[in-house]
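**Q** At position 147 of the sequence shown the residue is numbered 149 (the numbering used here), and the sequence of numbers has no breaks.
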Amino acid sequence: MGPILFIVFIVVPLLELFVIIQVGQVVGAPATILALLAISLVGAALVRREGLKAWQRFTQALAEGRVPAGEVVDGALLLFGGALLLTPGFLTDALGLALLIPLTRAGLRRLVRRRVHVFAPLASARNARGGGSRKGADRHDRSDRVVDVEVVDVERNETPPRKPEPPPESE
């Protein structure tokens with residue numbers, strides 16, 4: 003974690019300052035400031051537009067009873083892209099805008115979903131309920147396992163009343 007924090011808080015700001023100074027020497031300070039402001043305004047409009055679309059897809063997935071895994075990742079990428087646009091600098095603005103463009107965001111979403119298996123338990127539960135099979139099911143899917151549990155209140159040292167056993171079926 004140390005090297006990542008060093009890069010985020012030391013290296014990236016130094017690179018941003020270097021690029022801003024270089025651009026300022028070529029086009030002048032007022033044009034550089036206007037360019038940074040224009041990029042931020044365009045980014046804010048993109049965040050709003052794409053955020054509304056992502057929210058609509060999220061609510062639609064919930065209404066259809068689907069796990070909104072892709073929609074949640076999309077929303078997180080949009081949030082991260084918007085935060086990068088708030089950071090002054092051309093490099094972070096470029097990365098932030100890339101996260102806001104649907105085509106580049108879709109590729110990154112696939113990469114994130116492959117690397118992070120946060121939604122595998124949710125999808126497994128959906129499949130166990132009979133919600134259908136997923137294309138390319140996750141190898142960690144354990145929906146075929148049934149676990150019978152009994153809740154015990156440890157503080158009171160009580161066990162809940164047992165349900166009566168069903169009568170054996172007659173042949």
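Just so you know, even glycine gets a beta-carbon here, dropped at the ideal spot from N, CA and C.
In this text the structure is predicted, and so the values were computed from the model without any measurement.
I'd like to check one pair, Arg-115 with Val-183: are the Cβ atoms closer than 8 Å?
**A** In the structure as shown, the chain begins at 3 and stops at 173. Residue 183 is therefore absent and cannot be evaluated.
**Q** Tell whether a beta-carbon distance below 8 Å holds between Ile-23 and Phe-92.
**A** No, the pair does not count as a contact, with Cβ atoms beyond the cut-off.
**Q** Starting from Phe-8 and walking both ways along the alpha helix (DSSP H), at which residues does that stretch end?
**A** Per DSSP, Phe-8 belongs to the alpha helix (DSSP H) from 4-8.
**Q** Can you list, in chain order, the residues of its chain whose CB lies under 7 Å from that of Ala-56, leaving out five sequence neighbours each side?
**A** If we look at Ala-56 and ignore the five residues flanking it on each side, its Cβ neighbours are Glu-73, Asp-76, Gly-77 and Leu-80.
**Q** What is the rounded straight-line gap between the Cα of Val-44 and the Cα of Leu-7?
**A** Each residue's Cα considered, the two are about 29 Å apart.
**Q** State the DSSP-derived secondary structure class of Glu-52, mapped to helix, strand or coil.
**A** It is helical.
**Q** On the criterion of 16 or more Cβ atoms from any shown chain inside 10 Å, does Arg-107 qualify as buried, or is it exposed?
**A** So Arg-107 counts as buried.
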